[in-house]
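There are 2 protein chains.
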Amino acid sequence: MDVPSPRGVEIERKFLVAELPPELAAHPGQRIEQGYLAIAPDGVEVRVRRRAGRATLTVKSGPGQVRTEEEMALDERRFDALWQLTEGRRISKTRHEIPLAAGAVAEIDVYDGALDGLLIVEIEFGSLETSERFAPPPWVGRELTGDKRYANQSLALDGLP
Amino acid sequence: MDVPSPRGVEIERKFLVAELPPELAAHPGQRIEQGYLAIAPDGVEVRVRRRAGRATLTVKSGPGQVRTEEEMALDERRFDALWQLTEGRRISKTRHEIPLAAGAVAEIDVYDGALDGLLIVEIEFGSLETSERFAPPPWVGRELTGDKRYANQSLALDGLP
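Chain order of the listed sequences is P and Z. When you line the first sequence up against numbering that gives the first Met the number 0, it's residues 0 to 160, in that order. When you line the second sequence up against numbering that gives the first Met the number 0, it's residues 0 to 160, in that order.
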């Protein structure tokens, strides 16, 4: 029997996309613009993001800390003012969500701008067991789970690995 | 005739306090706790602050950028969650505001915690001319205006200069 994931804990694996799957056309995707205001040496990050017209500021804890994520809504004026402060620390991409078998969901990110050509899929699972049993479809490439070079933070600061 | 300062531009000078002025007793002061979530290499800073029961998150631009300062109110739960992420990047002090001659206001900061013993005064002037003509009272010590080591950011990260 599947053990459901504890509330608020995401079970995710991350892969390169070898080729875009045919289902993509049926899932139009949302453009995401994301810029980092600042990142502390201990990994605390503060970013602003606009997705489907909704702008937010998010503070996330670093890897060695109790997991904290606080998100605040921003109006357009404030988003624009803060976005100016993220120059050189931005990523933009279009995210397509595609349902897979066993309740898993694939989030395919098609990067543009400085990261044009990069294709990453994050797959969210409903339980640890479905995550471990996952048989990647043929369009899924090399696994990136845990590879810090492919974290959004690193991609924004350092570009393509 | 005094030229009033342009809207939103602060005319300030900063000094060490040689000895606390006798007027201090008449101006009780407010305790300020301030912690930095993250500071970018270009100087963009994100801090949380609690002053007189009011908590805020503030994003400020760095020195080379168009001046931007955005402040957002935080409720207690959110302040507490974010405060945990500022460990090792905090200052606390009690601020006393004392009116001086010619409309100038002295903000005297009495630091405690790791910076215990540090006394700094920032004087806000109504115009560039009163700022330049300012004759410091005897309790005012060495000028610190422009000395980055005494910026709150540096004091929080690096401690006493």
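Where is the CB? At the ideal position from N, CA and C, for every residue including glycine. Fair warning: this is a prediction, and the values are worked out from it, not measured in the lab.
Quiz item: In angstroms, rounded to a whole number, what distance separates the CA positions of residue 94 of chain P and residue 55 of chain P?
Solution: The residue labelled residue 94 of chain P in the question sits at position 95 within the first sequence. The residue labelled residue 55 of chain P in the question sits at position 56 within the first sequence. C-alpha separation (whole angstroms): 17 Å.
Self-check item: Residue-chain proximity (residue 16 of chain P, chain Z), Cβ-Cβ < 9 Å
Solution: Indexing the first sequence from 1 puts residue 16 of chain P at position 17. So no, residue 16 of chain P is outside the interface.
Self-check item: Three CB pairs or more closer than 8 Å across the region 15-34 of chain Z and the region 127-139 of chain Z
Solution: yes
Exercise. In angstroms with no decimal places, state the Cα-to-Cα distance between residue 33 of chain Z and residue 155 of chain P.
Key: Position 34 of the second sequence, counted from the first residue, corresponds to residue 33 of chain Z. Position 156 of the first sequence, counted from the first residue, corresponds to residue 155 of chain P. If I take the Cα positions, the gap works out to 28 Å.
Quiz item: Excluding five sequence neighbours on each side, which residues of the same chain lie with their C-beta closer than 6 Å to the C-beta of residue 61 of chain P?
Solution: Position 62 of the first sequence, counted from the start, is the residue given in the question as residue 61 of chain P. 41, 42, 43, listed in sequence order.
Quiz item: Buried or exposed: where does residue 58 of chain P fall if 16 or more other Cβ atoms within 10 Å of its Cβ makes it buried?
Solution: Indexing the first sequence from 1 puts residue 58 of chain P at position 59. That one is buried.
Quiz prompt | Straight-line Cα distance separating residue 77 of chain Z from residue 65 of chain P | solution = Within the first sequence, the letter at position 66 stands for residue 65 of chain P. Within the second sequence, the letter at position 78 stands for residue 77 of chain Z. Distance between the alpha carbons of residue 65 of chain P and residue 77 of chain Z is about 14 Å.
Quiz item: Can you list, in chain order, the residues of its chain whose CB lies under 7 Å from that of residue 160 of chain P, leaving out five sequence neighbours each side?
Solution: Start at 1 with the first residue of the first sequence, and residue 160 of chain P comes out as number 161. If we look at residue 160 of chain P and ignore the five residues flanking it on each side, its Cβ neighbours are 148, 149.
Quiz prompt | Interface partners of residue 154 of chain Z on chain P, CB under 8 Å | solution = For this step, residue 154 of chain Z is matched to residue 155 along the second sequence. Chain P residues near residue 154 of chain Z: none, gap ~16 Å exceeds 8 Å.
Quiz item: residue 69 of chain P versus chain Z: which residues are under 8 Å apart at the beta carbon?
Solution: For the purposes of this step, residue 69 of chain P is identified with residue 70 of the first sequence, where counting begins at 1. Those are 77, 80, 81, listed as they occur along chain Z.
Practice problem: Taking a Cβ distance cut-off of 7 Å, strictly less, list which residues of the region 22-41 of chain P are near chain Z, in chain order. | Solution: 36, 37, 38, 39
Exercise. Give a yes or no on whether the minimum CB-CB distance between residue 61 of chain Z and chain P is below 9 Å.
Key: On the second sequence, position 62 is the one that residue 61 of chain Z refers to. Yes, residue 61 of chain Z lies at the interface with chain P (some Cβ there is under 9 Å from its Cβ).
Self-check item: CB contact flag (residue 31 of chain Z, residue 50 of chain Z, <9 Å)
Solution: For the purposes of this step, residue 31 of chain Z is taken as residue 32 along the second sequence, with counting starting at 1. For the purposes of this step, residue 50 of chain Z is taken as residue 51 along the second sequence, with counting starting at 1. Yes, the Cβ-Cβ distance between residue 31 of chain Z and residue 50 of chain Z is below 9 Å.
Exercise. Measure from the C-beta of residue 87 of chain P to each C-beta in chain Z and report whether the shortest distance is under 9 Å.
Key: The residue labelled residue 87 of chain P in the question sits at position 88 within the first sequence. Output row for residue 87 of chain P: interface = yes.
Exercise. Flag this pair as yes or no: are the beta carbons of residue 113 of chain Z and residue 158 of chain Z separated by less than 9 Å?
Key: On the second sequence, residue 113 of chain Z is found 114 positions in, with the first residue counted as 1. On the second sequence, residue 158 of chain Z is found 159 positions in, with the first residue counted as 1. Cβ atoms of residue 113 of chain Z and residue 158 of chain Z: closer than 9 Å.
Quiz item: What's the call for residue 146 of chain P, buried or exposed, on a 16-neighbour Cβ count within 10 Å?
Solution: Translated into the one-based positions of the first sequence, residue 146 of chain P becomes position 147. It is exposed - the Cβ of residue 146 of chain P has fewer than 16 other Cβ atoms within 10 Å.
Quiz item: Using the C-alpha atoms, what's the distance from residue 73 of chain P back to residue 128 of chain Z?
Solution: One-based indexing of the second sequence puts residue 128 of chain Z at position 129. One-based indexing of the first sequence puts residue 73 of chain P at position 74. Cα-Cα distance, rounded: 39 Å.
Practice problem: Spell out whether any CB of chain Z is found under 9 Å from the CB atom of residue 44 of chain P. | Solution: Walking along the first sequence from the start, residue 44 of chain P turns up at place 45. Chain Z, which has a Cβ nearer than 9 Å to the Cβ of residue 44 of chain P, makes this yes.
Quiz item: Under a Cβ-count criterion, where at least 16 other Cβ atoms within 10 Å of its own Cβ denotes burial, should residue 12 of chain Z be classed as buried or exposed?
Solution: Residue numbering aside, residue 12 of chain Z sits at position 13 when the second sequence is read from its first letter. By the 10 Å Cβ count, residue 12 of chain Z comes out buried.
Quiz item: Which term fits residue 96 of chain Z, buried or exposed, when burial requires 16 or more other beta carbons within 10 angstroms of its beta carbon?
Solution: Mapped onto the second sequence, residue 96 of chain Z falls at position 97. Exposed, because fewer than 16 other Cβ atoms sit within 10 Å of the Cβ of residue 96 of chain Z.
Quiz prompt | Proximity test, Cβ basis, 9 Å: residue 84 of chain Z and chain P | solution = Start at 1 with the first residue of the second sequence, and residue 84 of chain Z comes out as number 85. Output row for residue 84 of chain Z: interface = yes.
Quiz item: Apart from the five residues just before and just after residue 82 of chain Z, which ones in its own chain have a Cβ nearer than 7 Å to its Cβ?
Solution: As a working note, residue 82 of chain Z is residue 83 in the second sequence. Here the set comprises 34, 47.
Exercise. Find out if the Cβ-Cβ distance for the pair residue 92 of chain P, residue 109 of chain P is shorter than 9 Å.
Key: For the purposes of this step, residue 92 of chain P is taken as the residue at position 93 of the first sequence. For the purposes of this step, residue 109 of chain P is taken as the residue at position 110 of the first sequence. Closer than 9 Å, so yes.
Exercise. Run down chain Z in chain order and give the residues with a C-beta less than 8 Å from the C-beta of residue 65 of chain P.
Key: As a working note, residue 65 of chain P is residue 66 in the first sequence. Ordered by position in chain Z, the residues that pass the 8 Å Cβ test against residue 65 of chain P are 83.
Quiz prompt | Cα-Cα separation between residue 84 of chain P and residue 132 of chain P, rounded to whole angstroms | solution = Taking the first residue of the first sequence as position 1, residue 84 of chain P is located at position 85. Taking the first residue of the first sequence as position 1, residue 132 of chain P is located at position 133. About 43 Å.
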